[in-house]
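Under this note's numbering, residue 356 is the last one in the sequence shown; the count climbs by one each step, no gaps.
Positions of the beta carbon are idealized from the N, C-alpha and C atoms, including for glycine.
What follows is a short report on a single structure.
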Amino acid sequence: MDSVSAELVKKCEESAGSGDIMGACKVMLELVDKEKIKIEKDRDQTYLEMAENLKPEDVQIVLKMALEIRESGDIKDPELKNAASILIRAIEMS
């Protein structure tokens, strides 16, 4: 993880409960579920379940997924890439 990503994760810990950030997380998780994209390997629930049961402490995991989606050359869905970017920007601006 580069220094910018590490700084975002730290910032995420401070403002994870924000309504904007939680909303952006839910949208991104719902799109990941809808598009049937596999990102996180070690999880015990579907992305949709994760979106429905999202807690502030989960935002950090979703942020890491968003960073991976944004940088991935394999993921082409523009709506999903946009949702990941919106989440990242919401955390940057918090």
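Nearest to residue i (by Cα), restricted to the options the options
i, options, result
"M360", "G285, S280, I299 and P340", "Any property of residue 360 remains undetermined from this structure, which presents the chain solely from 263 to 356."
"L342", "S356, E297, A352 and V271", "E297"
8 angstroms Cβ cutoff met for residue i and residue j
i, j, result
"S356", "S280", "yes"
"K273", "I353", "yes"
"L349", "M312", "no"
"L316", "K288", "yes"
"A345", "L310", "no"
"I331", "I301", "yes"
Outcome for residue i when other beta-carbon atoms lying within 10 angstroms are tallied against a minimum of 16
i, result
"A286", "buried"
"V266", "exposed"
Can you list the alpha helix (DSSP H) stretches of 4 or more residues lying completely in the segment 281-355, in chain order? Unbroken alpha helix (DSSP H) stretches of 4 residues or longer found wholly inside the segment 281-355: 281-297, 309-314, 321-333 and 340-355, given in chain order.
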